[in-house]
Amino acid sequence: MSRPPERLTRLARKALTAVLGRGEHFAVVGDLEELYEEIAGEKGPLRARAWFWGQVVRSLPAFLFHIIYWSGVMIRNYFVTTVRNIRKQRAFTFINVVGLAIGLAACLLALLYIRDELSYDRYNLKADRIHRLSVRLFRQGQELNISGAGAPVGPYLKEHFPEVEDAVRFREEGSIRIKAGEQSFRETRAVFTEPSFFNVFTVPLLRGDAATALASPRSLMLSRTTAAKYFGRDDPLGKALLIDSKQEWTVTGVFEDIPRTSHFHFDLLLSFVSLDLESDPLENSWMSFNYQTYILFRDGASPRPLEGKLDALIMSRMAPEVQQSMGVSVEEFLKRAGMRIENRLQPLLDIHLRAGQGIAEFEANSDIKYIRIFTAVSLFILLLAVANFVNLATARSSGRAREVGVRKVLGSARRDLVGQFLLESLVFSLLALFLAIVFVWLALPLFNQLAGKEMVISALVTPGVAGAVLGLVVTIAILAGAYPAFYISAFRPAPVLKGELAKGAGGGSLRRALVVFQFAVSVVLIIGTIVVFRQLRHIQSRDLGFNREHVLVLDNTHLLGPRAVALKEEMLAYPGVVAASLSGFLPVPSSRARMIVAAEGDPEGSTAPPIGVWTVDHDYIGTLGMGLAAGRDFARDRGTDAAAVILNEAAVRHFRFDEPVGKKVILSDFEPDGGKTVQSEFTVIGVVRDFNYDSLRSAIEPLMLRLGETGSRLVLRVKGEDVAATIETLRHKWAGFAPGEPYEYGFLDERFDRMYESELRTGRIFGTFAGLAVFVGCLGLFGLAAYSAARRTREIGIHKVFGATVPDVLRLLVHEYVVLVAVANLIAWPVAYLMMSAWLRDFSYRTGIGWAGFLATGAATLVLALLTVGAQSVKAASASPASTLRFE
Amino acid sequence: MEMLTKLEELILLSVWKLKENAYGTTIFRHIQSVTGQKLSLGGVYFPLERLTRQGYLRSYYGPATEERKGLSKRYYELTETGLEALQDAKRVTDVMWSGFAAGRALAPKEGR
């Protein structure tokens, strides 16, 4: 009789034992082996093996039924035990579940946020085939991203490259005024574009014909909302609109509103042919980057070959233009300016998160950085909650050791106990998940405000997300349940039942490590929040070089033409107004033209980098409260000031002037009809102290102020009291001067604060989550303290019998946690320091990291921990020893 | 009276026939040799389990032997209930089968 091959038997044994388990079915294994050997003896091992596996397969349904039936019974038992445990220990269940629910809610919110961020521009059916042309300009170590291309680039690529299916160009129009019937509107989201827009992007057309709607000059299309705004229920098709009070345009179509998750939102599409590029050589140039151009590639075509050819192509096309206008070759021009240009293709789906804030971006993009911060922070909170769970469960292990001992004596196998603990953990996790969903539902409006979004909870109800969330919850349940499950189930019954282990409270070092971890994370988050807000305050309270308080800005004054000056005079006569100035330029970021300005006699002047040139009036510097570092302000009584300029200090450094006043600079400008360069000479009469006019992330750049009367805004310095009356007076006057035109005003400091929205947002998110983290941490600490106090009831009683006072006992109970929190702080500080230094490096004007914040955080966490632990301990310490000792 | 299935009947009978040597393998082999049918092991173990739970059989473990590498055999024997059930089954079967002659698979003719 041949022995069965050892391997098969062992495998079979293992499999059978695993399936049958419980020890009671080992006889079956023996039986099987016996039969197996018999068949192997009669018909050979091969047949035996076939028989064996045949048996396995045929028995499978019955086995499965058996397993499910019996585990069903077991699971019912687990549930009963779980419910009993929950009832018996309501407070701990509450702490466990609420802590975990907060962690899960944070994760769910992060998930919502990330999904939303990743969904940008995916509404386009051809999204993966669309690329945007972008230019990277390297100049003296600085990099500048421009999301535009020259006007001829798009059509050229479409014509000469077979892989390009279509191309569409945009040209931004800034703000326009639309007059529909008697009403006047200001529109800031208008753009010139071509009919191919509707082929490249998936924007449904509601009225009109995609092919012809934008084909003729002075035709425009409206978004659904805009059409309703202008015409109500009337059919907008064929209606006339007056743009900027002079041109009449015809509505040729209505398109569906562009989804929120798009990197652009247009309300009006103006026909591209209206730009009449053919008659404007300056605009229709390969050298400009004014046209956002999107390329639609054919299905399956790779954009890489085209991208590789772009640099050479654009250089060769730019060459004759440069030669003509500058008189040098393009290579020479770039070399002199120290510039390098790279042309890139940017995938549409990368724009929202990875394009950054380049020039000619339609709207402010988000940043992948925020997704990372967000994910990390919410994962940390989840980790904290899981740590709580493990902590409390191990702490309770001493309380449950006896239960485990009894179960073992009564015949529980270890796996039954593991199952029991894991199931308990799963029940807790599912409860927490349910609670978390309620939390998310409650917190979503607030969170939307915080994140600047309009997310809905139903976005989570997809099979993928639901699966991921359930998977996460089960994983957490296993992770959180694993330690107690395997640690406690390994207790040996005899010593436990004799009471030897009851006091041991195993897992102490793990518990301590987890407390340290929790507090370290909380401390990092708190310090992060403090530094973010410190930096914000630093920015907001910094001396900006001008006074931004009480400055009222009225827009659209260019509509009045020369009468704007009269309005200014009338407002000055009003007692609430201190000073007034007409200028389109405000010291807040906006897209402004730069011009080539050279110091007189500079041989490389014509290739100097362009600097900002602002047109202001005589009262500008005074009204905004800027200071002069040298020279004088513009003066009305000097006729020569038309040829005078004031530089800022950065410009003085830029031109390397030692004695700036009296120096001459040359401004190169293009003639209005294009082509020719005109140069005009200006004399420097003064130097204004540097003032911030761009984001404080960047340093102050050279700037030149010159006189001009084209003020598109009226800037008023008003008295602090009764600003409302001033605004009302201004409205009244405006209505008199420009009947029917929109009254738009704002305060300079508000416009200034808008620059820091993303920092404010980061700050608030950080703050909220840090608060949550601390709360979860304290929740866990509270539970732990309660347990340790309860466990040491007898010890405390004995201490008191021997004369310990309440403070003595408190010290005893609190001591351990104080040390843990102190250690957590010591670990967290360097981490927080490194993280926040990295964040601060982004700013040109940054605050110090502020050690006071660190110390304050340390003190605050200590106090919090003391309060949490203390509340429990006081109760334990003041209990009468007679009542606590009686039960022993 | 609860009716036994054919298989249960066969199993109970095998246990009775095999006396002290009634355990999984022998029962399985016995039924297979008498009926000449291929059985699945599960088809024997589960009825065995069920019959035991219903009280027709009781089982005990034999001593661990070297032959089975330390896995002892699970022996079965009939209980009183089991025996009664078999007797009931026999009576029913006998009544049902009476008058049937082997080899003549025709219904009895009238007037004979």
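Heads up: the sequence lines are chains A and B, in that order. For the first sequence, our numbering puts the final residue at 902, and the numbers step up evenly by one. For the second sequence, our numbering puts the final residue at 113, and the numbers step up evenly by one. Quick reminder that beta carbons are idealized off the backbone N, C-alpha and C, glycines included. Computed from a predicted structure; not experimentally measured.
What D45(A) touches in chain B, judged by beta-carbon distance under 7 Å, is Y24, G25 and T26, going in chain order.
Per DSSP, the unbroken alpha helix (DSSP H) holding E10(B) starts and ends at K7 to L19. Comparing alpha carbon positions, the residue from G781(A), G734(A), R727(A) and E771(A) closest to E758(A) is R727(A). Identification of residues in the region 44–63 of chain A having a C-beta nearer than 9 Å to some C-beta of chain B yields G44, D45, L46, E47, E48, L49 and E52, given in sequence order. By the rule that beta-carbons nearer than 7 Å mark a contact, A41(A) touches chain B. One Cα belongs to V71(A), the other to K39(B), and the distance between them is close to 14 Å.
A Cβ-Cβ contact shorter than 7 Å links V835(A) with T875(A).
When G370(A), F245(A) and Y384(A) are compared, the shortest CA-CA separation from A378(A) is found for G370(A). Comparing alpha carbon positions, the residue from V35(B), R30(B) and Q55(B) closest to V45(B) is R30(B). Q306(A): not part of any alpha helix (DSSP H); member of the beta strand (DSSP E) spanning Q306 to F311, first to last residue.
Under the 8 Å Cβ criterion, the region 127–147 of chain A does not count as touching the region 481–495 of chain A, having fewer than three qualifying pairs. Per DSSP, L220(A) is not a residue of any alpha helix (DSSP H); the beta strand (DSSP E) it occupies stretches across L219 to R221. Relative to A446(A), the option among T264(A), A494(A) and E468(A) whose CA is nearest is A494(A). Interface annotation, K20(B): not in contact with chain A, CB-CB separation never under 7 Å. For the region 601–666 of chain A, the full-length alpha helix (DSSP H) segments reaching 4 residues or more read 634–637 along the chain. Rounded to whole angstroms, the Cβ separation of L600(A) and R765(A) is 7 Å, and the two are in contact under 8 Å.
Of all residues in the region 412–423 of chain A, none places a beta-carbon less than 7 Å from a beta-carbon of chain B.
The count of Cβ pairs closer than 8 Å, one atom from the region 827–834 of chain A and one from the region 428–445 of chain A, stays below three, leaving the stretches out of contact. In this structure, L642(A) is the residue among Q338(A), E177(A), L642(A) and G777(A) with its C-alpha nearest to the C-alpha of G559(A).
In the DSSP assignment, T207(A) falls within the beta strand (DSSP E) that extends over A204 to T207. Around the Cβ of K889(A), a 10 Å sphere holds fewer than 16 other Cβ atoms; the residue is exposed. Apart from sequence neighbours up to five positions away, the residues of its chain that approach F671(A) with a beta-carbon distance below 6 Å are K677, ordered along the chain.
By the criterion of a C-beta distance shorter than 7 Å, K253(A) is surrounded in its chain by F245 and V265, once the five residues flanking it on both sides are discounted.
DSSP lists S198(A) and L256(A) as the beta-bridge partner residues of K193(A).
For K74(B), the chain A residues whose Cβ falls inside 9 Å of its Cβ are A41, G44, D45 and E48, in order along the chain. Taking a cut-off of 8 Å for Cβ pairs, the region 697–706 of chain A and the region 657–666 of chain A touch, as three or more such pairs fall below it. Taking all protein chains shown into account, L84(B) has fewer than 16 neighbouring C-beta atoms within 10 Å of its C-beta and is therefore exposed. Against chain B, the beta carbon of Q69(A) has neighbours under 7 Å at S41 and L42, listed in chain order. A check of alpha carbon separations from R775(A) across G760(A), A465(A), R731(A) and A804(A) identifies A465(A) as the nearest. The beta carbon of T782(A) lies closer than 8 Å to those of L464 in the same chain, with the five residues before and after it left out. Contact check for F311(A) against P319(A) fails: the beta carbons are separated by 7 Å or more.
DSSP lists S148(A) as the beta-bridge partner residues of R358(A).
When secondary structure is reduced to three states using DSSP, F93(A) falls in the helix class. V423(A) sits close to P507(A), with the two beta carbons spaced by under 7 Å. Residue pairing of N159(A) in beta bridges, as defined by DSSP: R150(A). One alpha carbon belongs to G750(A), the other to Y634(A), and they sit about 25 Å apart.
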